[in-house]
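First up is the structure itself, then whatever we jot down about it.
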Amino acid sequence: MNSRSHTSSPARRTIPSRAPATTLAAAAATAALLLTGCVAGEDTEPAANAGAADGGTLTIDFATYNPLSLIIKDQGWLEETLAEDGVTVEWVQSAGSNKANENLRSGAIDVGSTAGSAALLNRANGSEIKAIDVFSQPEWSALVVGADSAITSVADLKGKSVAATKGTDPYFFLVQALEEAGLSLSDVTVEQLQHADGRTALENGSVDAWSGLDPIMAGAEQNGGQLLYRNLDFNTYGVLAANEAFLAEDPEQAQAVVNAYEKARAWAAENPEETAQILADVAGLDLEVARTVVLERSNLDVDPTPGAAQRSVLEKIGPTLVETGDVSSQAQIDTALDSLFDDSFVRQTDPDAVKES
């Protein structure tokens, strides 16, 4: 595996497992909302990794927009499972799908958390990645305005400034929302800011609106922010993306990751309150805000198999990527869609193979 700079994993907490009356899936059905984000690709050859049998390192991201990653990191399952092969696990935090994709392109991580739109963008622009698991079907994006804003509709954004993180689901949410309202990106001033900075700019009045991402967006709401426009159909799935070189050289590690994700999915369904607490701790959120994100805006009870469902959504996003100039041709989109998904690891999932300490 690669030798890379990374964020080391803090000591993990032991969280008691209990089965509340309502599962995460039931909570999600009661309130279908959500969280996350994404980005463009550059041709960069991913660094080679050492084989699992020879030890080495698995470098994987965690992200507040991917609750399952937080559970896996907190519980130490990958460390325990891969220890017998001498594999070290390194965790790197992704602030958004754009950052996850930057790290995938450079080879700084083997597996990253990204929105489907970001994975498509990355693949279409030459990054050799595959989507190997679907971690959520979230409503993690919406348009947000300040507490005292006079803006009451998307049409009112004409001539206004909007913060957004280019190459992420919130950015593409903005593009689609403007189009639906008869506007385009040329009708607004897009301030390119990372998600947390977008919230800050909105709250200090530097921009008129923000295309937000949970859980940061839920925190802004608690602080008086208003969700100007929501549309679940404009959000794409959350997927795990992995470098093809890693998948070819270390398939055992990739399988261990997918196994851990499916174990975490079941754990989250049985322990929604504990899942919210983990998110609150990592993201520095009030517990009630974290509960909103996990129980109301994160559908983790979703088919993990990447393929037809995600393609159906991304086929609608593809032309937008070409229109905005993020991808040069529809042919690149089509080729990327034909090669993006790899369901082989999900089809062989064995959560029972995951070891606990």
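What the sequence shown shows, in mature numbering (1 follows the signal peptide of the UniProt record, and there is no 0), is residues -40 to -1, 1 to 317, in sequence order. Ideal Cβ positions, reconstructed from N, Cα and C, are used throughout, including at glycine.
Classification of residue i by the beta-carbon crowding that lies within 10 angstroms, buried from 16 upward
i	result
S101	buried
T295	exposed
P279	exposed
L300	buried
D168	buried
N82	buried
K276	exposed
S289	exposed
S258	buried
D302	buried
T112	exposed
D70	buried
L247	exposed
E140	exposed
D174	buried
G165	exposed
G285	exposed
N183	exposed
A161	buried
Q154	buried
P6	Confidence at P6 is low in this model, with a pLDDT of 40, below 50, so its placement is unreliable and the value that follows should be read with caution. With 16 or more other Cβ atoms within 10 Å, it is buried.
K118	exposed
Q152	exposed
Residue i vs residue j beta-carbon contact at 7 Å
i	j	result
residue 320	A84	In this structure the chain extends from -40 to 317, so residue 320 is not present and cannot be described.
residue 334	A91	Residue numbering for the chain in the displayed model covers -40 to 317; residue 334 lies beyond these limits and cannot be assessed.
G185	L245	no
S87	S73	no
L42	A216	yes
A201	I89	yes
A220	L38	yes
D129	A75	yes
K120	V148	yes
G16	V52	no
I238	D34	yes
N195	E99	yes
T309	E230	no
A124	L134	yes
F132	V218	no
A243	T24	yes
L281	V287	yes
P266	V49	no
Residue(s) in a DSSP beta bridge with residue i
i	result
I89	N203
V52	D21
E151	A123
Y189	L103
G198	A75 and S96
V47	G16
Assumed close pair residue i, residue j - CB separation to whole angstroms, cut-off 8 Å
i	j	result
I31	W170	Not a contact, Cβ separation roughly 28 Å.
S96	V262	6 Å
A137	N191	7 Å
R225	P264	7 Å
E316	E40	6 Å
L297	L80	7 Å
Host alpha helix (DSSP H) of residue i (start-end)
i	result
S171	Counting along the chain, S171 falls outside any alpha helix (DSSP H), though it belongs to the beta strand (DSSP E) covering A169 to L173.
S29	P27 to Q35
Q237	P232 to A243
residue 326	Residue 326 lies beyond the range of the chain shown here (-40 to 317); nothing can be said about it.
L80	G76 to A84
Y131	D129 to E140
S293	At residue 293 the sequence reads Ile, which differs from the Ser that was named. Element bounds for I293: Q290 to S299.
G179	I176 to Q182
K118	No alpha helix (DSSP H) contains K118, which DSSP labels as neither H nor E.
K315	Note, K315: premise wrong, no alpha helix (DSSP H); not H, not E.
L64	S57 to S66
A250	L247 to R251
S113	Note, S113: premise wrong, no alpha helix (DSSP H); not H, not E.
Range of the contiguous beta strand (DSSP E) that encloses residue i
i	result
V104	S101 to V105
F22	G16 to F22
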